[in-house]
Amino acid sequence: MSNKFWEIINKADNTAEIRIYGDIVGKKSIFDNSSVDPISFADDLARLENRPVTVRVNSNGGSVFAAQAIANNLRTYKGATTAIVDGLAASAATIIVMAAQKIIMPIGSMMMIHDPMVHINEAMNEEELQKYIDMLKPVKASLVASYLKRSNLGKEKLAAMMKSTAWLTAEECLKFGFADEIQGEVKPVVNGNILVVNNLKRELSDNEAREIKNKITKQVYLQVKTQKEESTMHDDIKKMLIGVCNAFGIKTGDDAQPVAANVAGVAAPMVQAPGNVLAMEVVNKGGVTASEPVQAAVAAERQRIKELEEADQPENTLVHRIINQAKENGQKLSDIQAVLDIIKDEQKGEPGGQEFMKGLVKDQLESNSNQVGASPAGNLTDEQRDAAKADYMVSLLKNKYKGGRV
């Protein structure tokens, strides 16, 4: 099909879109290209052969029974299903949206839920009218059940909202569980008593028009407020970064020259900061992007810490202490690997490892660097022995690498 209101589009990535941009009816006339019926929907859905499908909805609603039939088809579809409210999902259209596995609403889009209604075009007595009233009760119960599968609102709250007719923004739908994600933006406009959103028009009562105008005004205010807060946040981050750069000798003014920085044990390469360009710049929404040399240094530091943590054995006091010392001293895993291998040999009971460790303990005790008395090694507690081993190894490493810097 290829009309404006009801359309199925095959995508190049083996997914598909079904657009419901019209009223929902039980049976469509051959002359009607502006409505959606269950038979057309079921036929088109079957032809997709369980490919992922996105149902885009911009509809005032229509027949509740037709909508439930379409929703059942969507709910039993074996492929992945996503519903996107492209402007308005009102009345029966919300039933279809609820049937998707994932619901996305742009900022400015809305849902409207209300009690089911019946249109009567003939004269009826009290008994005949009562039959319609009795029929509407189970219909409302089915609608509430459909919303409860999604919403975090209780049954009574939902029923009360439907009775008073609830117009819900994307943010409210996300809060109440009617939507999973807010993505994109549409611009709703209320002109008199007419709501226009993404080319769809809906007539409103006076109260509805006032309510929706207030929601739109509040939404615009929150967007402007958020933008101002983000702008302020960017300025605060810039000030913070300037302070950090200055603390480490990185100039950020017009007279900035290439400087070297060594932060947290990282021997950083030369940082070029000409003109008013900071060594790190604030971009996008609160994010920071460093210059390429700084990025490389940060990446190297993260890799160093990652390798050390992967080699750590928190249950082994000796290994754990050596790893922590290596982190603080700026050493790499390769710098202490030989020592870790010896510890492994000792744990395995290999003679070479045991003899080496005994020598380490003996030298450490004789140096009194850990304030351990001249007691024989055999009288030490396990904790003292591990501390002696670790301190001695660390002192060797410090001496070898001149304070731990590489």
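Residue numbers for the sequence shown follow our numbering, beginning at 16 and rising by one.
In this text, a Cβ means the ideal position worked out from N, Cα and C, and glycines have one as well.
Self-check item: Start-to-end residues for the alpha helix (DSSP H) that takes in residue 343
Solution: Position 328 of the sequence shown, counted from the first residue, corresponds to residue 343. Taken as a continuous stretch (DSSP letters only), the alpha helix (DSSP H) holding residue 343 covers 332 to 344.
Quiz item: Residue range of the beta strand (DSSP E) that residue 106 falls in?
Solution: In the sequence shown, counting from the first residue as 1, residue 106 sits at position 91. Residue 106 -> no beta strand (DSSP E), and no H or E assigned at all.
Quiz item: Which runs of the alpha helix (DSSP H) fall wholly inside the segment 139 to 193 and span at least 4 residues, in chain order?
Solution: Residue ranges of uninterrupted alpha helix (DSSP H) with 4 or more members, entirely inside the segment 139 to 193 and ordered along the chain, are 141 to 163, 170 to 179 and 185 to 191.
Exercise. Between the Cα of residue 319 and those of 166, 345 and 65, spot the shortest distance and give me the residue it belongs to.
Key: Here residue 319 refers to the residue found at position 304 of the sequence shown. Taking only the C-alpha atoms, the option nearest residue 319 is 345.
Quiz item: Would you call the CB atoms of residue 78 and residue 103 closer than 9 Å?
Solution: Here residue 78 refers to the residue found at position 63 when the sequence shown is read from its first residue. Here residue 103 refers to the residue found at position 88 when the sequence shown is read from its first residue. In this structure, the beta-carbon distance from residue 78 to residue 103 does not fall below 9 Å.
Self-check item: Distance between residue 196 and residue 231 (C-alpha atoms, nearest Å)
Solution: Taking the sequence shown and counting its residues from 1, one reaches residue 231 at position 216. Taking the sequence shown and counting its residues from 1, one reaches residue 196 at position 181. The straight-line gap from Cα to Cα measures roughly 19 Å.
Quiz prompt | N- and C-terminal bounds of the beta strand (DSSP E) containing residue 57 | solution = For the purposes of this step, residue 57 is taken as the residue at position 42 of the sequence shown. Premise fails: residue 57 lies in the alpha helix (DSSP H), 53 to 62, not in any beta strand (DSSP E).
Quiz prompt | Secondary structure of residue 74, DSSP reduced to three states | solution = Numbered from its first residue, the sequence shown carries residue 74 at position 59. Here residue 74 sits in strand by DSSP.
Quiz item: On the three-state DSSP scale, how would you describe residue 117?
Solution: Position 102 of the sequence shown holds residue 117. In this structure, residue 117 counts as strand in the three-state DSSP scheme.
Quiz item: Cα-Cα, which of 42, 51 and 225 is closest to residue 207?
Solution: Here the question's residue 207 lines up with position 192 in the sequence shown. Checking every option, the nearest Cα to that of residue 207 belongs to 225.
Quiz prompt | Through-space distance from residue 119 to residue 70, alpha-carbon basis | solution = For the purposes of this step, residue 70 is taken as the residue at position 55 of the sequence shown. For the purposes of this step, residue 119 is taken as the residue at position 104 of the sequence shown. Computed Cα separation, rounded: 10 Å.
Quiz item: Just curious, the beta strand (DSSP E) that residue 198 is in, first and last residue?
Solution: To locate residue 198, count along the sequence shown from 1; it is residue 183. Its beta strand (DSSP E) spans residues 196 to 200.
Quiz item: Which value, in whole angstroms, describes the spacing of the CA atoms of residue 67 and residue 112?
Solution: Along the sequence shown, one-based indexing puts residue 67 at 52. Along the sequence shown, one-based indexing puts residue 112 at 97. Looking at the two C-alpha atoms, the distance is approximately 16 Å.
Quiz item: Between residue 53 and the rest of its own chain, which residues show a CB-CB distance below 8 Å, the 5 nearest in sequence each way excluded?
Solution: Numbered from its first residue, the sequence shown carries residue 53 at position 38. Counting only Cβ-Cβ distances below 8 Å, and skipping sequence neighbours, we find 41, 81, 84, 85 and 88.
Practice problem: Could you check if residue 217 is buried or exposed, using at least 16 other CB atoms within 10 Å of its CB as the buried criterion? | Solution: The residue you call residue 217 lines up with position 202 of the sequence shown. Buried: at least 16 other Cβ atoms inside 10 Å.
Quiz item: First and last residue of the beta strand (DSSP E) that includes residue 210?
Solution: As a first step, residue 210 must be located in the sequence shown, where it is residue number 195. Residues 209 to 212.
Exercise. Report back the beta-carbon spacing between residue 193 and residue 127 to the nearest angstrom; my notes put them in contact at under 8 Å.
Key: In the sequence shown, residue 193 corresponds to position 178, counting from 1. In the sequence shown, residue 127 corresponds to position 112, counting from 1. Incorrect: roughly 11 Å between the Cβ atoms, too far for contact.
Exercise. Put residue 86 into one of helix, strand or coil per three-state DSSP.
Key: What you label residue 86 is simply residue 71 of the sequence shown in a count that begins at 1. It is helical.
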